[in-house]
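In what follows, a structure is listed as structure tokens, so that the remarks can point back to it.
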Amino acid sequence: MTGARGPLLLDLDGVLRRRPAEDAADAEAAHGLPAGSLLATVRGGADLLDESVTGWISDERWRAEVADRYAADHGPRARAAIARWSRSPGRLDADVLAVVRDERHRRPVHLATNATTRLRADLAALGLDREVDGVLSSAELGVAKPDPGFWRAACDVLEVEPSACCVVDDTAENVAAAAALGMAAHLFRGVGPLRAFLARGAHG
Numbered sequence: 396m397t398g399a400r401g402p403l404l405l406d407l408d409g410v411l412r413r414r415p416a417e418d419a420a421d422a423e424a425a426h427g428l429p430a431g432s433l434l435a436t437v438r439g440g441a442d443l444l445d446e447s448v449t450g451w452i453s454d455e456r457w458r459a460e461v462a463d464r465y466a467a468d469h470g471p472r473a474r475a476a477i478a479r480w481s482r483s484p485g486r487l488d489a490d491v492l493a494v495v496r497d498e499r500h501r502r503p504v505h506l507a508t509n510a511t512t513r514l515r516a517d518l519a520a521l522g523l524d525r526e527v528d529g530v531l532s533s534a535e536l537g538v539a540k541p542d543p544g545f546w547r548a549a550c551d552v553l554e555v556e557p558s559a560c561c562v563v564d565d566t567a568e569n570v571a572a573a574a575a576l577g578m579a580a581h582l583f584r585g586v587g588p589l590r591a592f593l594a595r596g597a598h599g
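The numbering of the sequence shown is my numbering, which starts it at 396 and goes up by one.
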């Protein structure tokens with residue numbers, strides 16, 4: 396890695412890691428629970444999720460409280476379903492990983508993601524801790540996307556100006572917040588457009 400360009404800040408979920416709904420569906424089916432009920436409970440607990448991705452509560456406490464809510468609605472089988480769903484660290488997108496490997500010859504690549512305190516364990520399980528130059532986690536920064544404070548905090552950690560950074564994220568709000576700070580920001584919609592964006596030499 397030469398580090399000749401400013402850093403690339405890459406989102407994890409929805410870009411480099413896939414966490415398909417099939418994981419939740421498998422857990423529901425295995426324990427005889429209604430289709431869609433697990434993720435509905437997770438998404439319905441936005442208060443808990445916000446606390447977990449800003450580091451106010453641990454991943455373990457978040458999952459335990461989600462399990463409590465799920466069990467309250469669907470009985471004791473719900474706890475086993477949450478445990479099954481939680482075991483997977485997700486799946487990598489091999490095509491995006493190839494882009495990361497190529498790009499690291501030209502600039503540092505850091506993951507910049509909303510995540511719970513479990514993130515680093517998941518990265519180790521996936522081997523991603525060896526594939527990037529650093530990790531910028533909302534649970535460690537204390538602020539989550541789309542708050543612009545996430546990007547400011549990330550730049551502070553890296554000791555760079557926002558204008559030196561290139562951002563790739565799959566959420567329009569997150570991209571807009573980065574762009575408003577002067578970062579070169581790309582809304583991820585596939586590997587082809589991503590390669591084209593990087594080939595244009597953003598912050599070269």
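Backbone N, C-alpha and C define an ideal beta-carbon position, used for all residues, glycine too. All of these numbers come straight from a predicted model, not from anything done at the bench.
CA-to-CA, the gap between residue 457 and residue 443 works out to about 6 Å. The C-alpha of residue 501 is placed about 17 Å away from the C-alpha of residue 558. Judged by DSSP secondary structure, residue 447 falls within the alpha helix (DSSP H) whose first and last residues are 441 to 448. Around the beta carbon of residue 480, 16 or more other beta carbons lie within 10 angstroms, which makes this residue buried.
Residue 512 has its alpha-carbon roughly 5 Å from the corresponding atom of residue 454. Secondary structure at residue 528: coil, using DSSP grouped into helix, strand and coil.
Given a length threshold of 4 residues, each whole run of the alpha helix (DSSP H) inside the region 560 to 587 is given here in chain order: 567 to 575. A direct Cα-Cα distance of roughly 16 Å separates residue 475 from residue 435. Between the beta-carbon of residue 483 and that of residue 418 there is about 5 Å, and that keeps the pair under the 8 Å contact cut. Counting the other Cβ atoms within 10 Å of the Cβ of residue 546 gives 16 or more, which makes it buried. For residue 452, the closest alpha carbon among the candidates 528, 439 and 534 is that of 534.
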